[in-house]
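Okay, so here's the structure we're looking at.
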Amino acid sequence: MSKISKLDKRIANPEVMAGEIQQSEELFRILFYSSPIGTYIIQDGDFQLVNHGLARILGYEEDELIGRPSLSFVLAEDRDAVRENAVRMLKGGCSLGYEFRVVNKQAKIKWVMETVVPIYYRTKRATLGSLIDVTERKQMEERLKQITAELQHSNTELEQFAYVISHDLQEPLRMVSSYTQLLAKRYSDKLDNDADEFIAYAVDGSKRMQSLLHDLLEYSRVGTRGKPFSLVNCEHIVEQAIANLKIAIEECEASVSYDVLPTIMGDEGQLVRLFQNLISNAIKFRREEAPQVHISAKRMNYIVTFSVKDNGIGIDPQHSQSIFEIFRRLHTIEEYPGTGMGLAICKKIVERHGGHISVQSQPGQGSTFYFSVNTAGGEPA
Amino acid sequence: MNSQIAERPIEILIVDDNPGDVRLTAEALKDSKVQNRLHTAQDGMEAIAFLRRKGEYADAPLPDLILLDLNMPRMNGSQLLAKVKEDSALKNIPVVILTGSREIDDIIKANNLRADYYVTKPIDLEEFIMAVKSIVDSLLNQREIAGGGGVIG
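Chains as they are written, first to last, in the numbering used here: chain C, 6 to 386; chain R, 830 to 982.
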C-alpha cells in the first residue's frame with residue numbers, strides 16, 4: 006500500500022520524478038563508464054556502446070570499437086564456439102561465465118570470461134555483455150596442469166625405477182646368496198671357527214637383503230602392476246587372508262572374527278594383501294594371551310571405513326605416523342623379524358583405493374587400524 | 830630295468846647364458862646325487878644346434894631333460910621352447926623352465942608354452958637342490974613306468 010501511495014505521489018509530482026530519473030541515469034553512467042569490468046552492447050553483431058573497461062582489455066580507445074563487429078576481436082579458432090554460444094544464449098535467456106580468447110590491439114592473446122543477456126536497445130534486439138580478463142588465472146591453471154602432469158610423470162618414473170632396481174638387483178644378489186650358502190654347506194667344519202662365523206654372517210646378510218628387495222619390489226608393484234578394479238566381496242577377501250595365514254593363526258591360537266562386510270570396487274589381490282598384512286601384524290605383535298583380532302566396517306556415503314582391532318602390545322602414539330614409512334621398524338630383528346615394509350605396502354594399497362590409513366593405540370592396550378576405501382571414484386589415473 | 834637306468838647317467842642340457850647359474854645347477858645336481866652328464870648351451874641358437882646335432886654337435890646325445898632359462902640373448906627361452914614343442918623329434922623331451930623371476934606373468938607364459946616343470950632359481954639353495962632332485966626322480970619314475978625305453982634309448 007505504501008509503495009503505491011509513494012508512486013502516486015511521484016506521478017503527482019513530475020519534478021520529483023524527473024530528478025529521480027536523472028539521478029538513476031547518472032548512477033548508471035558512472036557505473037558503466039568507470040567499471041573495470043568490460044561492459045558493452047552489441048547489436049547486429051557490432052559494438053553499439055562500450056565502456057572504458059572493455060577498451061582497456063582490448064587495448065583500444067572506446068571510439069575505435071564502436072561500429073566494429075565484436076567477433077573480429079575473438080581469436081579465429083574460438084569464433085565458431087562464441088557464435089554458437091550466442092545462439093544458445095538467445096534461446097536460453099542468458100549465458101554465464103563463458104570463456105574464450107580475444108586478440109588485443111597489440112596482437113596479444115587474452116583469455117576472457119563473458120556474461121551476456123538479451124535486451125532491447127533503441128527498440129531493437131541487442132546483447133548486453135560484461136567481460137573480465139582471466140588470462141592470469143588461465144595461465145595459473147595451465148601451469149598447474151603442467152606441474153601436475155610433470156609430477157605424475159616423475160612419480161611413474163620413480164615407481165618404475167624402484168621396480169627395475171629391486172627386480173634387477175635380485176639377480177646378482179642371488180649369486181652371492183647361493184654361493185655363500187654353497188660355501189656354508191660344503192665347508193663348514195672344514196675351515197676354522199672364524200671362517201664358519203664369517204660365512205654365516207654373509208649368508209644371513211644376503212638372505213636379509215633378498216627379503217628387503219622382495220618387499221621393495223612388492224611395494225613398487227602396488228603402483229606399477231596393479232589390476233583394474235572390480236566388484237569384490239570383502240568377506241571373501243578376509244576369508245582368503247585368514248586362509249593364507251592359517252599356520253600362523255593356529256600356532257598362536259589366535260581368534261580372528263569379522264562382522265558383515267560390504268562389497269566394494271577394488272583390486273582383489275591387493276585387498277587380500279592389505280587384510281593379510283594387518284591381521285599378520287595383529288598376531289605377530291601379541292602379548293602373552295592368545296591374540297584376538299576383529300574386523301568391522303562402517304559406510305558413510307561413498308566412504309567405507311574398515312577397522313582391524315587387536316589385543317596386542319600396542320604402539321606408542323608418537324610412532325602412529327612413522328610406522329607407515331618404508332623399512333620402518335620399531336623393534337630389533339631378534340624381537341620381531343621382518344623388513345618393515347608391511348604397513349608401507351598397506352598404505353600404498355589404501356591410497357590406490359582412494360582412502361587413508363591410520364592407527365589408534367596405546368602401549369599395552371592393543372591397536373586398532375582404520376582404513377577407508379572410496380567406493381565412488383574409480384581407480385586414480 | 831632299475832639297474833639299467835642306474836647304469837647310465839641321464840643326459841641334461843642346460844640352456845643359460847649365466848655361467849654362475851650353470852655352475853650352481855651343476856653343483857645342485859651333484860648334491861642331489863643324481864648320476865648325470867650336463868651339457869651347456871649359452872642361448873637358444875646353440876641349444877637348437879645341439880638338439881639337431883648340427884656342426885660341432887654332430888655327436889651330441891639327445892638329452893633326457895632340458896633345463897631352460899627364459900631370459901637369454903639371440904633366441905630366448907620361450908622361442909626355443911616353442912621350437913622344441915613343434916619338433917616331432919624333440920617334443921617329448923621334458924623341459925624345465927628355470928627363472929629368477931617369481932612373476933605370475935612368466936609362470937602363465939611358461940604354462941602356455943607347455944613347459945613340463947617350472948622352477949624358480951634359488952633364493953634358498955636347499956630348496957633348489959630338492960626341486961632339481963624331485964624333477965629328476967619323477968622323470969626316472971616316468972621312464973620306469975614306460976618301460977625305461979626313453980632313457981636307455
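Cβ coordinates follow ideal geometry from the N, Cα and C atoms, glycine included.
When C/Leu222, C/Ile71, C/Gln215, C/Val139 are compared against C/Gln165, the one with the closest alpha-carbon: As a working note, residue 165 of chain C is residue 160 in the first sequence. Of the listed residues, the one whose Cα sits closest to C/Gln165 is C/Leu222.
C-beta atoms of C/Val313 and C/Phe374 nearer than 8 angstroms: Locating residue 313 of chain C in the first sequence gives position 308, counting from the first residue. Locating residue 374 of chain C in the first sequence gives position 369, counting from the first residue. Going by C-beta atoms, C/Val313 is nearer than 8 angstroms to C/Phe374.
Cutoff 8 angstroms: C/Gln151 Cβ touching any chain R Cβ: Taking the first residue of the first sequence as 1, we reach residue 151 of chain C at position 146. Look at C/Gln151: its C-beta is not under 8 angstroms from any C-beta on chain R.
Classification of R/Met830 by the beta-carbon crowding that lies within 10 angstroms, buried from 16 upward: To locate residue 830 of chain R, count along the second sequence from 1; it is residue 1. At R/Met830 the pLDDT is 41, less than 50, meaning the model places this residue with poor confidence; the figure from the coordinates comes in the next sentence. Exposed.
Under 8 angstroms between C-beta atoms of C/Val107 and C/Leu70: The count along the first sequence starts at 1 and reaches residue 107 of chain C at position 102. The count along the first sequence starts at 1 and reaches residue 70 of chain C at position 65. No, the pair does not count as a contact, with Cβ atoms beyond the cut-off.
Residues, ordered as in the chain, of the stretch 175-203 of chain C that lie near chain R by beta-carbon distance below 8 angstroms: Listed by position along the chain: Gln175, Glu176, Arg179, Met180, Ser182, Ser183, Tyr184, Gln186, Leu187, Lys190.
For C/Glu202 and R/Asp850, the rounded distance between their alpha carbons: Stepping through the second sequence from its first residue, residue 850 of chain R is reached at position 21. Stepping through the first sequence from its first residue, residue 202 of chain C is reached at position 197. Distance between the alpha carbons of R/Asp850 and C/Glu202: 26 angstroms.
Simplified DSSP assignment, three categories, for C/Ile331: Residue numbering aside, residue 331 of chain C sits at position 326 when the first sequence is read from its first letter. Looking at C/Ile331 - three-state DSSP - the assignment turns out to be coil, as it is neither helix nor strand.
Candidates C/Leu54, C/Gly371, C/Cys257: closest to C/Arg127 by CA position: On the first sequence, position 122 is the one that residue 127 of chain C refers to. The closest CA to that of C/Arg127, considering only C/Leu54, C/Gly371, C/Cys257, is found on C/Leu54.
Which residues DSSP lists as bridging C/Pro41, in chain order: Walking along the first sequence from the start, residue 41 of chain C turns up at place 36. Under DSSP, C/Pro41 shares a beta bridge with no residue.
CB contact check: R/Glu956 to chain C, cutoff 8 angstroms: Here residue 956 of chain R is taken as the residue at index 127 of the second sequence, counted from 1. Under the Cβ distance rule, R/Glu956 does not count among the residues neighbouring chain C, no pair being separated by less than 8 angstroms.
Amino acids of chain C, ordered along the chain, whose beta-carbon sits closer than 7 angstroms to that of R/Glu849: As a first step, residue 849 of chain R must be located in the second sequence, where it is residue number 20. A quick correction: the sequence has Gly, not Glu, at residue 849 of chain R. What R/Gly849 touches in chain C: Met180.
Nearest residue (CA-CA) to C/Ala302, options C/Ala295, C/Phe311, C/Glu294: Translated into the one-based positions of the first sequence, residue 302 of chain C becomes position 297. The option with the nearest alpha carbon to C/Ala302 is C/Phe311.
Three-way DSSP call (helix, strand, coil) for R/Arg866 in this model: Against the second sequence, residue 866 of chain R aligns to sequence position 37. The three-state secondary structure of R/Arg866, taken from DSSP, is strand.
Min CB distance R/Glu811 to chain C below 8 angstroms: Nothing about residue 811 of chain R can be reported from this structure: the residues present for chain R run from 830 to 982 only.
Span of the beta strand (DSSP E), counted from its first residue to its last, around C/Ile308: As a first step, residue 308 of chain C must be located in the first sequence, where it is residue number 303. For C/Ile308, the enclosing beta strand (DSSP E) starts and ends at 308-315.
Identity of the residue in R/Glu955, R/Val913, R/Thr928, R/Lys859 nearest R/Met874 by Cα: Sequence index remark: in the second sequence, residue 874 of chain R carries index 45 (1-based). Nearest to R/Met874 by alpha-carbon distance, out of R/Glu955, R/Val913, R/Thr928, R/Lys859, is R/Val913.
Counted within 10 angstroms of its Cβ, other Cβ atoms place C/His358 as buried (16 or more) or exposed: Counted from its first residue, the first sequence places residue 358 of chain C at position 353. Burial call: buried.
Alpha-carbon spacing of R/Glu840 relative to R/Pro890, whole angstroms: On the second sequence, position 11 is the one that residue 840 of chain R refers to. On the second sequence, position 61 is the one that residue 890 of chain R refers to. Between R/Glu840 and R/Pro890, the C-alpha separation is close to 7 angstroms.
Among R/His868, R/Ala944, R/Gly906, nearest to R/Pro892 - alpha-carbon criterion: As a first step, residue 892 of chain R must be located in the second sequence, where it is residue number 63. Nearest C-alpha to R/Pro892: R/His868.
Residues near C/Ala349 in its chain [Cβ-Cβ closer than 8 angstroms; skip 5 each side]: Taking the first residue of the first sequence as 1, we reach residue 349 of chain C at position 344. Its chain contains Tyr224, Phe329, Glu330, Ile331, Phe332, Arg333 as the residues whose beta carbon lies nearer than 8 angstroms to that of C/Ala349, once the 5 sequence neighbours on both sides are disregarded; these appear in chain order.
For R/Tyr947: DSSP bridge partner residues: Against the second sequence, residue 947 of chain R aligns to sequence position 118. R/Tyr947 is bridged to R/Ile926.
Contact set for C/Tyr38: own chain, Cβ-Cβ below 8 angstroms, skip 5 residues either direction: Taking the first residue of the first sequence as position 1, residue 38 of chain C is located at position 33. Closer than 8 angstroms at the Cβ level, and outside the excluded window around C/Tyr38, lie Asn56, His57.
Contacting residues, own chain, Cβ-Cβ under 7 angstroms from C/Thr140 (five flanking each side not counted): Position 135 of the first sequence, counted from the start, is the residue given in the question as residue 140 of chain C. Excluding sequence positions up to five before and after C/Thr140, its CB lies within less than 7 angstroms of the CB of Lys115, Trp116, all in the same chain and listed in chain order.
Closest residue to C/Thr229 among C/Asp272, C/Ser77, C/Ser327, C/Met22 (Cα-Cα distance): Numbered from its first residue, the first sequence carries residue 229 of chain C at position 224. Among C/Asp272, C/Ser77, C/Ser327, C/Met22, the Cα nearest to that of C/Thr229 is on C/Asp272.
Own chain, CB closer than 6 angstroms to C/Gly43, minus 5 neighbours either side, in chain order: For the purposes of this step, residue 43 of chain C is taken as residue 38 along the first sequence, with counting starting at 1. Hits under 6 angstroms: Gly58, Leu59, Ile62, Leu136.
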